[in-house]
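The sequence shown begins at 1 in the working numbering and counts up one residue at a time. The beta-carbon is built from N, C-alpha and C at its ideal position, and this holds for glycine as well. For reference, the structure discussed in these notes is given below.
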Amino acid sequence: MNRKYTIPYEELGAEKLAELLRAFYKRVAKHPKLRPIFPEDLTETLRKQIQFQTQFLGGPNLYTEEHGHPMMRARHMPFKITPERAQAWLECMSEAMDEVELDGKFREIYYQRLVMTAQHMINSPDEDEEGFE
Ligand code: HEM
Numbered sequence: 001m002n003r004k005y006t007i008p009y010e011e012l013g014a015e016k017l018a019e020l021l022r023a024f025y026k027r028v029a030k031h032p033k034l035r036p037i038f039p040e041d042l043t044e045t046l047r048k049q050i051q052f053q054t055q056f057l058g059g060p061n062l063y064t065e066e067h068g069h070p071m072m073r074a075r076h077m078p079f080k081i082t083p084e085r086a087q088a089w090l091e092c093m094s095e096a097m098d099e100v101e102l103d104g105k106f107r108e109i110y111y112q113r114l115v116m117t118a119q120h121m122i123n124s125p126d127e128d129e130e131g132f133e
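Take a look at the structure:
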């Protein structure tokens, strides 16, 4: 067997991850469905997301070291995460992946994991569904 196991974080690299997430938040900042729930200054959000994605991809536990257990669903509870917003988040990510030219099997697997995590984060119905419950 000469097949080598590679950690996704090492395959991607710290610089490329930062590039991807900068491209992502550039889109979040302009997205009409996302803009209203994010802070005006996304510097700190970007910094935390780099830390989180580093460990999400199997790299060092930078997020946990500074902020404790991720508990991502709980940390998103103060925000209305609707199916529409989850879709918008994923669209921004997909476009960011295009911008930094992430492709192939790596992109496919990474993106699918984000789809699952984004779905798990949904905590409210779409705005126009309210009142029908
Ligand atoms: C489903 C759509 C999502 C929406 C609308 C959303 C929205 C938000 C918002 C509004 C914040 C707060 C930003 C701030 O105060 O700085 C946040 C923080 C964060 N989100 Fe999301 N998010 C989504 C999905 C995800 C996913 C899929 C992940 C991880 C794979 C993620 C990881 C994070 C992290 C690491 C933070 C920083 C938490 C902290 O303050 O320590 N989010 N998100």
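In the structure shown, the three-state DSSP call for Asp126 is coil. Taking C-alpha positions only, Ala88 is separated from Ser94 by approximately 10 Å. Taking the Cα positions, Leu21 is about 15 Å away from Asp41. With a threshold of 6 Å, the Cβ atom of Arg47 does not count as near ligand 1, since no heavy atom of the ligand is closer than that. With fewer than 16 other beta carbons inside 10 angstroms of its own, Gln112 counts as exposed.
Taking all protein chains shown into account, Arg35 has fewer than 16 neighbouring C-beta atoms within 10 Å of its C-beta and is therefore exposed. Below 8 Å, enough C-beta pairs join the region 73-93 and the region 121-128 to call them touching: three or more. Restricted to the region 48-77, not a single beta strand (DSSP E) segment is unbroken, complete and at least 3 residues in length.
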